[in-house]
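Numbering (my numbering), first residue to last: 3 to 487. By construction, the Cβ of each residue, glycine as well, lies at the ideal position given by its N, Cα and C atoms.
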Amino acid sequence: MEITVRTEPPSEILQGENCETVMDYNPDNKRSSYRIKINSPVTLKTKSFAEIPSQAQNVQTINLSEGGIGISFDAEVKLPSPLLIEFSLMNTPLQFHGEVRWNKIFDDGKYYCGVHFSNKDEQQDSVLKRFLFTDDKYILNLVKDLRTEDREVSDKIESFFRRDVKWFIEDLIDLEQHIKNKTMPEDAIQKKVDYISDEIVKKGDELEGQVKKGLLTKRIKEAFRFLTGHWIYKSKMMEMAFKKPQGYPGDYILIELIYDNQAISKDIGLYYDKWFLDNTYAVAIRKRKEKMTELLRKTIMETAISQIDILNLAAGSCREINELFANPEIMGLKKKISFTCVDFDKEALEFSKNRLRPPENTRLAFLSEDIVNLIKNEKWRERLSKQHLIYSIGLADYMPDRLLKAFIAFTFSLLHPAGRLIIANKDRDNYKPIPHDWFVNWVFEPRNVEDLTRLIEDSGISNYSLDMDWEDSNKIFFLTITKGR
Numbered sequence: 003m004e005i006t007v008r009t010e011p012p013s014e015i016l017q018g019e020n021c022e023t024v025m026d027y028n029p030d031n032k033r034s035s036y037r038i039k040i041n042s043p044v045t046l047k048t049k050s051f052a053e054i055p056s057q058a059q060n061v062q063t064i065n066l067s068e069g070g071i072g073i074s075f076d077a078e079v080k081l082p083s084p085l086l087i088e089f090s091l092m093n094t095p096l097q098f099h100g101e102v103r104w105n106k107i108f109d110d111g112k113y114y115c116g117v118h119f120s121n122k123d124e125q126q127d128s129v130l131k132r133f134l135f136t137d138d139k140y141i142l143n144l145v146k147d148l149r150t151e152d153r154e155v156s157d158k159i160e161s162f163f164r165r166d167v168k169w170f171i172e173d174l175i176d177l178e179q180h181i182k183n184k185t186m187p188e189d190a191i192q193k194k195v196d197y198i199s200d201e202i203v204k205k206g207d208e209l210e211g212q213v214k215k216g217l218l219t220k221r222i223k224e225a226f227r228f229l230t231g232h233w234i235y236k237s238k239m240m241e242m243a244f245k246k247p248q249g250y251p252g253d254y255i256l257i258e259l260i261y262d263n264q265a266i267s268k269d270i271g272l273y274y275d276k277w278f279l280d281n282t283y284a285v286a287i288r289k290r291k292e293k294m295t296e297l298l299r300k301t302i303m304e305t306a307i308s309q310i311d312i313l314n315l316a317a318g319s320c321r322e323i324n325e326l327f328a329n330p331e332i333m334g335l336k337k338k339i340s341f342t343c344v345d346f347d348k349e350a351l352e353f354s355k356n357r358l359r360p361p362e363n364t365r366l367a368f369l370s371e372d373i374v375n376l377i378k379n380e381k382w383r384e385r386l387s388k389q390h391l392i393y394s395i396g397l398a399d400y401m402p403d404r405l406l407k408a409f410i411a412f413t414f415s416l417l418h419p420a421g422r423l424i425i426a427n428k429d430r431d432n433y434k435p436i437p438h439d440w441f442v443n444w445v446f447e448p449r450n451v452e453d454l455t456r457l458i459e460d461s462g463i464s465n466y467s468l469d470m471d472w473e474d475s476n477k478i479f480f481l482t483i484t485k486g487r
């Protein structure tokens, strides 16, 4: 005998009226993953494939997610764990090893339990994903709160998810199968990944232009990431960019990976690593570093003084300094060089401290401090004054205008007469970081050269000159403010 978990009459898992998106039944409410309410016969067996004795009671499946299944009974049942779960989905018989993760009698008197799928083969996983993430009812329930009073806009939002995102996910599932089964050349897989990814963010950007509502657009992107993240975040780089483990976007670990320009993930994640690294912005980040290294070299070589003091703000991994030290010209200089590297991320500073190998003529100092505190606290103005060069290549992009103006005024006050302040900023006219926005929620303050020039003029500083330069990809510009003598 065995337990057959079913509702009456027996039926295949339903799509349509009897299939709906619900929240997980976890009694402790520790999860909030979307699940589909199902109506299906399910057979439970022990993991050793012995049949579980039948119980004379009404048993019901309640929901299904990628990670497990919820089951309800009229009365408490002692289920063994682990066990084997058998049911059909999309006319395909499935069999999962499972572990009972929770069980509880609810206020309705029924006994509920949640079973986690502990092992899935590729075919089962693919069927489950395709059912959940391409099911129209599931998608509609996910995006139902994204509707607006404008019927036309609401229809476009719905169409984006039911058509464009659904097709994108189906392509991802197919690609994943090709990768696993080695039925498609690697270069063809990469071209397909590049194409479908570029196309879906174009569709998303078109939709954003039609919606034009900040909060709603944010929620649309969140729903998009929820539906696609299972595949996209198999890229360790893109997962890191999205999760922001250091607490801020573009942390030193991720930037180092972009500098190294080597994929680190497996399966479909490998191809998304490459897509991420080949993206226009990632290329510009590498070019930005190269440009800053050259600007440092040029400043040091051309400054006719015996000691040059340099302040690096939001220093991160200091890769540009590390590469500067590899230059024989710098190694052979007799003039003294002093670098002060400031970052609120202590791990980034520790990484730089352990990695940098300065020549004998160079002194390194590291300061862990938040930029806002740096600006507000008068003691830092005194301690950090008389700098010959101040630069920041990854900070201004995240600063709102008001803070950036204060930053400019503060850093300008630290300069020695004839000293230089270099600020790198992405140019909104030459590049719009759509992929980063949609896939990993990596957003920037959009500016062009005129915007930053105006902020400098409004910052309250005087007696200065401006010079502008670009890194080689022409996506990031460098504005140099030179203080008058």
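Check	Outcome
Length at least 4, wholly inside the stretch 420-463: the alpha helix (DSSP H) runs in chain order	436-442, 451-460
Coarse secondary structure for residue 465, derived from DSSP in three states	coil
For residue 435 and residue 99, the rounded distance between their alpha carbons	42 Å
For residue 469 and residue 23, the rounded distance between their alpha carbons	Any answer about residue 23 is weak, because its pLDDT of 38 lies below 50 and its placement is not dependable; what the coordinates show is given next. For residue 23 and residue 469, the distance between alpha carbons rounds to 57 Å.
Close Cβ partners of residue 346 (< 8 Å) along its chain, the five nearest in sequence each way excluded	370, 371, 372, 373
As assigned by DSSP and simplified to three states, the class of residue 275	helix
Test item: CB-CB of residue 463 and residue 426 under 9 Å	no
Buried or exposed by the 16-neighbour rule on C-beta atoms within 10 Å, applied to residue 65	buried
Option in 239, 278, 164, 221 with minimal Cα separation from residue 192	278
Sub-9 Å separation of residue 258 and residue 473 beta-carbons	no
For residue 74, the three-state DSSP class (helix, strand or coil)	strand
Whole runs of the beta strand (DSSP E) within the stretch 97-150, excluding any shorter than 3 residues	113-121
Stretch pair the stretch 278-288 + the stretch 244-262: three plus CB contacts closer than 8 Å	yes
Residues of its chain near residue 407, where Cβ-Cβ distance is below 7 Å and the 5 sequence neighbours each way are ignored	457, 460, 461
Runs of alpha helix (DSSP H) lying entirely within the stretch 227-276, each at least 4 residues, in chain order	238-245, 254-262
DSSP three-state assignment for residue 305, whether helix, strand or coil	coil
For residue 197, the first and last residue of its enclosing alpha helix (DSSP H)	188-213
One or two residues paired with residue 365 in a DSSP bridge	340
Residue nearest to residue 415 in terms of C-alpha spacing, selected from 444, 440, 380, 430	380
Opening and closing residue of the beta strand (DSSP E) in which residue 392 lies	389-394
Whole-angstrom distance between residue 401 and residue 423, CA atom to CA atom	16 Å
Cβ neighbours of residue 432 in the same chain (closer than 7 Å, five flanking residues each side left out)	476, 477
Beta carbon proximity, residue 149 to chain C, threshold 9 Å	Absent from the structure is chain C; it holds one protein chain and no more.
Cβ contact (3+ pairs, closer than 8 Å) linking the stretch 301-308 and the stretch 329-339	yes
Identity of the residue in 149, 156, 164 nearest residue 141 by Cα	164
Beta carbon of residue 155 nearer than 9 Å to that of residue 229	no
6 Å Cβ shell around residue 377 - same chain, five flanking residues per side excluded	408, 412
Cβ-based burial, residue 322 [other Cβ within 10 Å; buried from 16]	buried
Neighbourhood of residue 219 by C-beta, 7 Å cutoff - its chain only, sequence neighbours within 5 removed	210, 213
Bridge partner(s) assigned by DSSP for residue 534	Here the chain has residues from 3 to 487 only, and residue 534 is not among them.
Straight-line Cα distance separating residue 234 from residue 225	14 Å
Three-state secondary structure (DSSP) of residue 470	strand
Helix, strand or coil at residue 80 according to DSSP, with G and I counted as helix	coil
Simplified DSSP assignment, three categories, for residue 185	coil
Contact belief for residue 445 with residue 453 at Cβ below 8 Å, rounded distance in angstroms	So it is not a contact: roughly 16 Å between Cβ atoms.
Residue 133 vs residue 222 beta-carbon contact at 9 Å	no
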